[in-house]
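Novice: Under our numbering, the first residue of the sequence shown carries the number 140, and numbering increases by one thereafter. Glycine included, C-beta positions come from ideal geometry on N, C-alpha and C. Note that the structure is predicted; figures quoted are calculated from it, not measured.
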Amino acid sequence: MKFDRFVGLGSVVGIILVLTMIAWLGLWGPVDLLYLKVEIAFKQLIETVRSRQSKFTFAPILENDEFSARDLDFEEPPELEEAWMSLDIFPRHLIAEIRNVRSSLRKMKSFKAQIGDRTILYKTSDPANKPWLVEQADNALNDTWHSAAVVVEDLKPLIQELAPEMDENDRLHKIHGSPGPDDFDES
């Protein structure tokens, strides 16, 4: 009987499909989690950098404003290291932006070391004071938050595809339930 040859074929196809699904879910589970972690960490980094950047941006018009190493005290988010170790799961253009974030944060660490314990006055003609570090730090701050913003914006559609958000009406329905007849004011 010819049918006997194909009896095991269904089982083999089923096993292959199950293994494919396990591999697919095992592969994409960490991806969407890392995308979410990077998005949240970079949003916080953007807020922190932008809140401190105004001091550097407006240095040319401020009188006798001092800059210290504390002004450049930014920690590299642990999620950045995690993303760095998994660059292959990010789109190519985001790899460059993640690199820029890391490079800019390391530049700021270098500027912080150059400043040391002293303070810098931007409006000075004394080269020992290194006023150019203020402009270089401002550029590094700009590069940091600009690249982080590109990563956040470009991860949004990928996150939405991997983990879609609930519609606002559905969310309110789940939270508050369906309105009953007593919920409407007839006056």
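Hey, residue 312 and residue 239: beta-carbon distance below 9 Å or not?
Specialist: The answer is no: Cβ separation not under 9 Å.
Novice: Please determine, among 219, 246, 210, the residue with the shortest C-alpha to C-alpha distance to residue 173.
Specialist: Looking at the Cα atoms, 219 is the closest of the given residues.
Novice: List the endpoints of the continuous alpha helix (DSSP H) containing residue 302.
Specialist: Where residue 302 is concerned, there is no enclosing alpha helix (DSSP H), given that its DSSP letter is neither H nor E.
Novice: How long is the line joining the alpha carbons of residue 291 and residue 213, rounded to whole angstroms?
Specialist: Going by the C-alpha atoms only, they are around 19 Å apart.
Novice: Within 10 angstroms of its Cβ, does residue 272 collect 16 or more other Cβ (buried), or is it exposed?
Specialist: Classification for residue 272: buried.
Novice: Report the three-state DSSP secondary structure of residue 205 (helix, strand or coil).
Specialist: Reduced to three states, the DSSP call for residue 205 is strand.
Novice: Could you check which residue in 294, 257, 283 has the C-alpha nearest to that of residue 232?
Specialist: Measuring from the Cα of residue 232, the nearest candidate turns out to be 294.
Novice: Measure the Cβ-Cβ separation of residue 250 and residue 276 and say whether it is below 9 Å.
Specialist: Their beta carbons are under 9 Å apart, which means residue 250 touches residue 276 by this criterion.
Novice: Check each candidate in 298, 195, 182, 228 and name the one with the smallest Cα separation from residue 281.
Specialist: The shortest C-alpha separation from residue 281 is found at 195.
Novice: Apart from the five residues just before and just after residue 136, which ones in its own chain have a Cβ nearer than 7 Å to its Cβ?
Specialist: Since the first residue shown for the chain is 140 and the last is 326, residue 136 is missing from the structure and cannot be characterised.
Novice: Just to confirm my understanding: we take residue 224, look at its own chain, exclude 5 residues before and 5 after, and list those with CB closer than 7 Å. What are they?
Specialist: Around residue 224: no qualifying Cβ.
Novice: Near residue 236, which residues of its chain fall below 7 Å by C-beta distance, leaving aside the five closest residues on each side in sequence?
Specialist: Excluding residues within five positions, the ones whose Cβ falls inside 7 Å are 286, 289, 290.
Novice: Give me the Cα-Cα distance between residue 221 and residue 304, rounded to the nearest whole angstrom.
Specialist: Cα-Cα distance, rounded: 24 Å.
Novice: Residues in the same chain with beta-carbon distance under 8 Å from residue 226, minus the five sequence neighbours each way, listed in chain order, please.
Specialist: Answer for residue 226: 234, 237, listed in chain order.
Novice: Out of 207, 241, 217, 228, which one is the CA nearest neighbour of residue 283?
Specialist: Answer by Cα proximity: 241.
Novice: What residue from 314, 230, 244, 317 has the CA that sits closest to residue 296's CA?
Specialist: Comparing Cα positions, the closest option is 230.
Novice: If you measure between the beta carbons of residue 208 and residue 243, is that distance less than 9 Å?
Specialist: No; because the gap between Cβ atoms is not below 9 Å, this pair is not in contact.
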